[in-house]
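Visitor: So the sequences go chain by chain: A and B. The first sequence lines up with residues 586 to 879 when you count with my numbering. The second sequence lines up with residues 586 to 879 when you count with my numbering. Here's a structure for you.
Protein chains: 2
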Amino acid sequence: MAGSFAIRDKELRDTVFGIVGLGLIGGSYAKALRRLGVKKIIAVEKHSDTLSQALKEGVIDVACQAGDESLKEADAVIFAVYPAAMLAFIRKYAAFLRQGALVTDVAGVKGALTAEAAAILGPGIDFVSGHPMAGREGSGFMNSAAEIFDGANYIVLPSPANRPENILWLKKLALSFGCRSVVELSPEKHDEIIAYTSNLPHLLAVSLMNSPSLSEDTKFFIAGSFRDATRVADINAELWADLFLGNKYNVLAEIGRFEQELARWSEALQSEDRAALLAMMQSAAQKRKALKNA
Amino acid sequence: MAGSFAIRDKELRDTVFGIVGLGLIGGSYAKALRRLGVKKIIAVEKHSDTLSQALKEGVIDVACQAGDESLKEADAVIFAVYPAAMLAFIRKYAAFLRQGALVTDVAGVKGALTAEAAAILGPGIDFVSGHPMAGREGSGFMNSAAEIFDGANYIVLPSPANRPENILWLKKLALSFGCRSVVELSPEKHDEIIAYTSNLPHLLAVSLMNSPSLSEDTKFFIAGSFRDATRVADINAELWADLFLGNKYNVLAEIGRFEQELARWSEALQSEDRAALLAMMQSAAQKRKALKNA
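In structure tokens form, the structure reads like this:
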């Protein structure tokens with residue numbers, strides 16, 4: 586079976602890619618792959634106007650509105666749709682994926698996704714899970730750009746079943762896109778960290794906008810701190826409901842830790858403990874500076 | 586006494602300004618006033634190198650390391666130092682302020698500041714409190730810029746003792762700086778609103794950085810949401826300890842309201858209530874969009 590993982594020995598210019606979902610992220614993959622000069626890009630996207638636009642811009646070569654025979658040509662398939670949509674697609678169209686193909690995804694929270702996808706795909710197709718730590722405001726193909734990968738980190742989350750050469754291939758692809766770092770870790774550890782670095786900031790932004798203190802006059806009193814703190818509150822609710830529910834226990838733990846920090850604030854303010862306030866702020870300032878230089 | 590408020594009838598090009606404190610904000614006022622072509626700018630700043638730099642750049646005309654006779658020439662004096670330092674300065678040097686002068690400040694939280702300052706200054710000097718909703722990263726004169734006022738909101742917080750013509754003068758000055766809106770309200774209402782729009786986002790950013798979930802690896806998993814949510818965690822601890830303590834009750838109330846929002850998240854996650862999650866996120870997204878367009 587080893588020989589069937591053809592992409593190992595192919596140069597990128599000889600490799601055929603499939604992309605399922607041509608939104609902000611899928612479109613960005615397509616543009617980054619085009620920039621790399623890959624052999625062919627086959628896109629599956631339900632909106633025909635998006636497909637027309639991508640064909641017109643020369644970003645893709647083959648346009649499909651659903652899974653079909655043309656996908657069999659793909660050496661690697663990238664799923665850039667919601668986790669639930671990805672599983673539904675695989676269930677319906679797995680027969681159109683070539684034996685020996687490498688399949689990857691871009692989901693920001695993994696949960697049981699990796700195991701479920703691998704189980705449906707079977708042993709002849711290698712599902713190597715990963716995603717870029719990248720994104721930008723807005724959504725849809727019209728906002729996609731190859732540049733979202735520039736300087737970003739790429740996370741690769743192998744399962745024990747993955748072939749080492751395929752894991753390596755995905756890492757090299759991310760670096761070719763312009764990513765600065767490629768980090769490998771387990772899906773479990775990944776979801777734990779993401780609950781803190783991504784889920785929590787999003788739910789804090791939403792909570793800040795939903796505070797009953799928001800009024801008609803708020804807009805006059807807003808400077809950078811409020812704007813920054815709420816930027817991601819303009820959220821894709823459907824997508825994020827999946828992400829939050831898929832990472833429920835880790836997110837609940839993060840909310841708990843955050844509530845502990847708020848309790849420290851309340852305590853220090855109530856007792857007018859200036860030293861405690863200073864210590865909290867100085868510690869945070871130092872950590873934030875270190876992050877900036879990281 | 587009415588005639589002694591000379592600045593009412595003076596064009597800006599005939600007006601002499603004093604600025605106490607040439608840091609980020611004081612320096613920005615000096616540069617904005619220079620751009621407006623005012624007659625003279627007298628700066629008081631304890632760091633002699635800052636004074637030399639400002640003189641060299643032509644941003645100020647007269648440099649003092651402490652309050653002295655030269656301040657008597659100032660028609661208007663802007664305090665751009667911490668609230669405690671401002672009160673200490675007025676106690677020590679009030680005799681060097683000219684009778685009939687207009688004095689203003691830039692403190693982001695007012696508390697009892699307005700009343701205390703006015704009591705020390707006495708009835709011959711009109712203290713009109715206000716501040717721009719402006720700022721930028723970093724600190725110090727080297728980061729100051731006239732442009733911080735461009736498109737910003739300016740808040741004016743009159744007391745019943747203020748002369749209407751002086752309130753009007755300060756509002757016009759803010760518009761001349763390039764501010765987009767000038768909003769007048771009571772110091773009490775102001776502190777209530779600022780607890781939500783400024784104090785709370787700052788303490789959320791500090792809390793997020795201080796979470797025990799932060800680790801050496803965090804940096805690999807950070808995208809825009811975490812960066813934005815923690816930007817202001819690189820905070821001036823001494824200044825903000827004053828601001829938080831000066832607005833203690835309002836800040837505690839805001840923390841309480843925010844905790845209620847977090848409780849809604851925990852509840853919805855625990856019961857896997859997708860509809861509740863969607864409703865919270867959709868509401869926040871809508872409000873954030875409205876803010877963007879405001």
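Glycine residues also receive a C-beta, built at the ideal position from the N, C-alpha and C atoms. Since the model is a prediction, treat every value here as computed from it, not as a measurement.
Determine the extent of the alpha helix (DSSP H) in which Asp-634(A) is found, giving its start and end residues.
Guide: 633 to 641
Visitor: Select from the region 867 to 879 of chain A all residues with a C-beta closer than 9 Å to any C-beta belonging to chain B, and list them in chain order.
Guide: Going along the region 867 to 879 of chain A in chain order, one finds Gln-867, Ser-868, Ala-869, Ala-870, Gln-871, Lys-872, Arg-873, Lys-874, Ala-875, Leu-876, Lys-877, Ala-879 with a Cβ nearer than 9 Å to chain B.
Visitor: Who are the near neighbours of Ser-761(A) in its chain, counting only those whose CB is closer than 8 Å to its CB and skipping five residues on each side?
Guide: Leu-597, Leu-621
Visitor: If I follow the unbroken beta strand (DSSP E) through Pro-717(B), where does it start and stop?
Guide: For Pro-717(B), the uninterrupted beta strand (DSSP E) run begins and ends at 714 to 718, by DSSP.
Visitor: Should Val-713(B) be labelled buried (16 or more other beta-carbon atoms within 10 Å of its own) or exposed?
Guide: buried
Visitor: How big is the Cα-Cα spacing for Phe-590(A) and Trp-754(A)?
Guide: Residue confidence for Phe-590(A) is low, a pLDDT of 42 falling below 50, so the modelled location carries little weight; the figure read from the coordinates is stated next. Whole-angstrom Cα-Cα distance: 11 Å.
Visitor: With a Cβ-Cβ cutoff of 8 Å, do Asn-902(B) and Phe-805(A) count as a contact?
Guide: Any answer about residue 902(B) is impossible in this case: the structure gives chain B only from 586 up to 879.
Visitor: Give the DSSP-derived three-state secondary structure of Asn-728(B) in the structure shown.
Guide: helix
Visitor: What residues in the region 794 to 814 of chain B bring their beta carbon closer than 9 Å to a beta carbon of chain A?
Guide: Met-794, Asn-795, Ser-796, Pro-797, Ser-798, Leu-799, Ser-800, Asp-802, Thr-803, Lys-804, Phe-805, Phe-806, Ile-807, Ala-808, Gly-809, Ser-810, Phe-811, Arg-812, Asp-813, Ala-814
Visitor: For Gly-608(B), collect the residues of the same chain with a Cβ closer than 7 Å to its Cβ; drop the 5 residues on either side in sequence, then sort them by chain order.
Guide: Ala-665, Ser-724, Gly-725, Phe-726
Visitor: Figure out for me which residue from Leu-824(B), Glu-823(B), Leu-785(B), Leu-830(B) has the closest Cα to the Cα of Thr-815(B).
Guide: Leu-785(B)
Visitor: Please list, in chain order, the residues of the region 759 to 775 of chain A that have any C-beta partner in chain B closer than 7 Å.
Guide: Ser-766, Val-768
Visitor: Rounded to a whole number of angstroms, what is the C-alpha to C-alpha distance between Ala-648(B) and Ala-686(B)?
Guide: 19 Å
Visitor: Check for me: the beta strand (DSSP E) holding Tyr-739(B) runs from which residue to which?
Guide: 738 to 742
Visitor: With distances taken Cα to Cα, identify the nearest neighbour of Ile-807(B) among Leu-799(A), His-787(A), Glu-654(A), Ser-810(A).
Guide: Checking every option, the nearest Cα to that of Ile-807(B) belongs to His-787(A).
Visitor: Determine contact between the region 599 to 619 of chain B and the region 650 to 665 of chain B, defined as no fewer than three beta-carbon pairs at a distance below 8 Å.
Guide: yes
Visitor: With a threshold of 8 Å between beta-carbons, can Pro-786(B) be considered close to chain A, or not?
Guide: yes
Visitor: Ordered along the chain, which non-local residues of its own chain (more than five positions away) have a Cβ less than 6 Å from that of Met-718(A)?
Guide: Ala-737, Asn-738
Visitor: Closest to Leu-799(A) by CA distance: which of Ala-826(B), Gly-831(B), Arg-849(B), Arg-873(B) is it?
Guide: Arg-873(B)
Visitor: Taking just the CA atoms, how far does Ala-818(A) sit from Ala-870(B)?
Guide: 5 Å
Visitor: Could you tell me which of Ala-746(A), Asn-795(A), Gly-652(A) sits nearest to Gly-707(A), measuring between CA atoms?
Guide: Across the set Ala-746(A), Asn-795(A), Gly-652(A), the C-alpha of Ala-746(A) shows the shortest separation from the C-alpha of Gly-707(A).
Visitor: Kindly confirm or deny that the region 817 to 831 of chain A and the region 850 to 866 of chain A touch, where touching means at least three C-beta pairs closer than 8 Å.
Guide: no
Visitor: Can you pull the chain A residues whose beta carbon is under 8 Å from the beta carbon of Met-727(B), in chain order?
Guide: Those within 8 Å of Met-727(B) in chain A number zero; the least Cβ separation is about 17 Å.
Visitor: Return no unless some Cβ of chain A is closer than 8 Å to the Cβ of Leu-847(B).
Guide: Yes, Leu-847(B) lies at the interface with chain A (some Cβ there is under 8 Å from its Cβ).
Visitor: Taking a contact to mean a Cβ-Cβ separation below 8 Å, would you say Gln-845(B) touches Leu-837(A) in this structure?
Guide: no
Visitor: What number of angstroms, rounded off, separates the C-alpha of Gly-715(B) from the C-alpha of Arg-765(A)?
Guide: Rounded to the nearest angstrom, the two C-alpha atoms are 46 Å apart.
Visitor: Under 8 Å between the Cβ atoms of Ile-675(A) and Ile-626(A)?
Guide: no
Visitor: Going by the beta-carbon positions, is the gap between Asp-776(B) and Lys-695(B) smaller than 8 Å?
Guide: yes
Visitor: One question on the structure: do Val-791(A) and Met-866(B) come within less than 8 Å of each other, judged by their Cβ atoms?
Guide: yes
Visitor: Which of the three DSSP states is assigned to Gln-650(B) in this structure?
Guide: coil
Visitor: Here's the rule: buried if 16 or more other CB atoms are within 10 angstroms of the residue's CB, otherwise exposed. What is Glu-839(B)?
Guide: buried
Visitor: For Gln-638(A), which residues from the same chain have a beta carbon less than 7 Å from its beta carbon, with the 5 sequence-adjacent residues on both sides left out?
Guide: Phe-726
Visitor: Name the DSSP bridge partner or partners of Gly-569(B)?
Guide: What is shown of chain B runs 586 to 879, which leaves residue 569(B) out entirely.
Visitor: At 8 Å on the CB atoms, spell out the chain B contacts of Met-718(A), in chain order.
Guide: Under the 8 Å cutoff, chain B gives Phe-805, Phe-806, Ile-807, Ala-808.
Visitor: What number of angstroms, rounded off, separates the C-alpha of Ala-692(A) from the C-alpha of Asp-827(A)?
Guide: 10 Å
Visitor: Between the C-alpha atoms of Gly-709(B) and Gln-650(B), what's the straight-line distance to the nearest angstrom?
Guide: 25 Å
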